[in-house]
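Visitor: First, the structure itself, so that you have it in front of you.
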Amino acid sequence: LDPSITYGVPLFVNNELNVKKDQILLSRNAVSEITSYEKIDEFYNNDKIIKFCYIGRLVPNTGFDDIIKAINNIKYNNFIIYVAGDYERYKSFYQDLFKKYPNSKNKIVFLGYLNENEINYLSNESDILMALYSSKISILGALSPMKIFEYLRFNKKILVPKIDDINEIVEYYNCEDRMRWYEIDNIVSLRKSILNLIEEKKYDTLEKINVETWDEKAKNILNFINNNYKKII
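Taking the numbering used here as reference, the numbering of the sequence shown is continuous, increasing by one, and the terminal residue is 391.
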């Protein structure tokens, strides 16, 4: 909450909150509650295959194209990358990219858009979750790394670039144990991290992390305001 102004409207007047309950903006570090899972037919659940998954943007030069470059020369055949996102929109871009990096194509399965329950299934059944960023994104540094909060709901390793926004989350939740870092925009570093993940012991025990749901976050914010200011309208 902005202590002074919210969209041009004073938040407090004479030490009294000047907005109604349904106008309160919530901070970013919360997630939707997991209610159910929906199986994905294209997902091949084989224990001998290491399953990476990426859920997010596929806009060129925002991260996933680096994955294609990084895995092209990896000799292992015991891994696959499942991708949820707007592939059809950028299909021609990726088809051209696969011409340059042909060995990557058979290691990637594009699933297209998924609903919330399918995303829950994909995240829960995968071994490694990927959150990709690039310094080419103009809003990097002001970007909300929501994907990390969502991934923390699942007891999985997370492949991610070491940037300040994500470091803050790691420090807050003390979850360094599941992070597998790479240097942002560095294909060599990314390839090395992927190789290390493939070679790691597959079944590690990671402590469960409880990330607040949106409802819990809202209640905590309201309780804070009610305990420190006059009652909300």
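C-beta atoms are modelled at their ideal positions from N, C-alpha and C, and glycine is treated no differently.
For residue 260, count neighbouring Cβ atoms within 10 angstroms of its own Cβ and tell me buried if that reaches 16, exposed if not.
Guide: Reading the sequence shown from its first residue, position 102 is the one you call residue 260. It is exposed - the Cβ of residue 260 has fewer than 16 other Cβ atoms within 10 Å.
Visitor: Just mark residue 308 as buried or exposed, buried being the case when its beta carbon has 16 or more other beta carbons within 10 Å.
Guide: Numbered from 1 along the sequence shown, position 150 holds the residue referred to as residue 308. With 16 or more other Cβ atoms within 10 Å, it is buried.
Visitor: Starting from the Cα of residue 212, find the closest Cα among 219, 237, 195 and 241 and give me that residue.
Guide: Your numbering for residue 212 matches position 54 in the sequence shown. With distances taken between Cα atoms, residue 212 lies closest to 241.
Visitor: For residue 256, which residues from the same chain have a beta carbon less than 6 Å from its beta carbon, with the 5 sequence-adjacent residues on both sides left out?
Guide: Sequence index remark: in the sequence shown, residue 256 carries index 98 (1-based). Excluding positions up to five away in sequence, the list reads 263.
Visitor: Quick one: residues in its chain with C-beta nearer than 6 Å to the C-beta of residue 385, no 5 flanking neighbours on either side, listed in chain order?
Guide: Taking the sequence shown and counting its residues from 1, one reaches residue 385 at position 227. Correct list: empty, nothing qualifies.
Visitor: With distance defined between alpha-carbon atoms, name the residue in 190, 382, 370 and 378 nearest to residue 275.
Guide: For this step, residue 275 is matched to residue 117 along the sequence shown. With distances taken between Cα atoms, residue 275 lies closest to 190.
Visitor: Consult DSSP for residue 340 and reduce its assignment to one of helix, strand or coil.
Guide: Position 182 of the sequence shown, counting from 1, holds the residue named residue 340. Residue state, collapsed to three classes: strand.
Visitor: Return yes when the Cβ of residue 219 is within less than 8 Å of the Cβ of residue 281, no when it is not.
Guide: Counted from its first residue, the sequence shown places residue 281 at position 123. Counted from its first residue, the sequence shown places residue 219 at position 61. Not in contact: residue 281 and residue 219 (Cβ atoms no closer than 8 Å).
Visitor: How would you call residue 364, buried or exposed, if buried means at least 16 neighbouring beta carbons within 10 angstroms?
Guide: Here residue 364 refers to the residue found at position 206 when the sequence shown is read from its first residue. Its Cβ having fewer than 16 others within 10 Å, residue 364 is exposed.
Visitor: Quick one: give me the first and last residue of the alpha helix (DSSP H) that residue 242 is part of.
Guide: Taking the sequence shown and counting its residues from 1, the one referred to as residue 242 is at position 84. From DSSP, residue 242 is part of no alpha helix (DSSP H) but of the beta strand (DSSP E) over 237 to 242.
Visitor: How is the alpha helix (DSSP H) around residue 287 delimited, first residue to last?
Guide: Mapped onto the sequence shown, residue 287 falls at position 129. No alpha helix (DSSP H) contains residue 287, which is instead part of the beta strand (DSSP E) from 286 to 288.
Visitor: Residue 218 by DSSP, collapsed to three states: which one?
Guide: Translated into positions along the sequence shown, residue 218 becomes position 60. Three-state DSSP puts residue 218 in coil, outside helix and strand.
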